[in-house]
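In this note's numbering, the protein residues as written are 5 to 79.
First the structure, in the form of structure tokens, and then the observations on it.
Written out as structure tokens, the structure reads:
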């Protein structure tokens, strides 16, 4: 629910640090793996530059917000 607006704002401004802070404020619990899933789904509906930005975001989220297990679980 809260994930999509954060990703869309990131695509507007390109600030991964701000996105990371926003994701850290939300108690995702066991649903944390959905962050990269939703990010990729949104990116697929946007232009190629947004897809590249999403790749950067997921990369920056790795190890800070999401774990390797989260990434694997979302596939």
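Cβ coordinates follow ideal geometry from the N, Cα and C atoms, glycine included.
Nothing here was measured: the structure is a model prediction, and the numbers come from that model.
In terms of DSSP beta bridges, what is residue 70 paired with? 66
C-beta atoms of residue 69 and residue 11 nearer than 8 Å: no
Relative to the alpha-carbon of residue 40, which residue among 57, 16, 17 has its alpha-carbon at the smallest distance? 57
What's the call for residue 74, buried or exposed, on a 16-neighbour Cβ count within 10 Å? buried
Cβ-based burial, residue 60 [other Cβ within 10 Å; buried from 16]: exposed
Determine the closest residue to residue 16 out of 55, 63, 64, with distance taken between C-alpha atoms. 55
Excluding the five sequence neighbours on either side, which residues of its own chain have a C-beta within less than 7 Å of the C-beta of residue 42, listed in chain order? 7, 8, 11
What is the C-beta distance between residue 78 and residue 37, in whole angstroms, given that I count them as a contact (C-beta under 8 Å)? 4 Å
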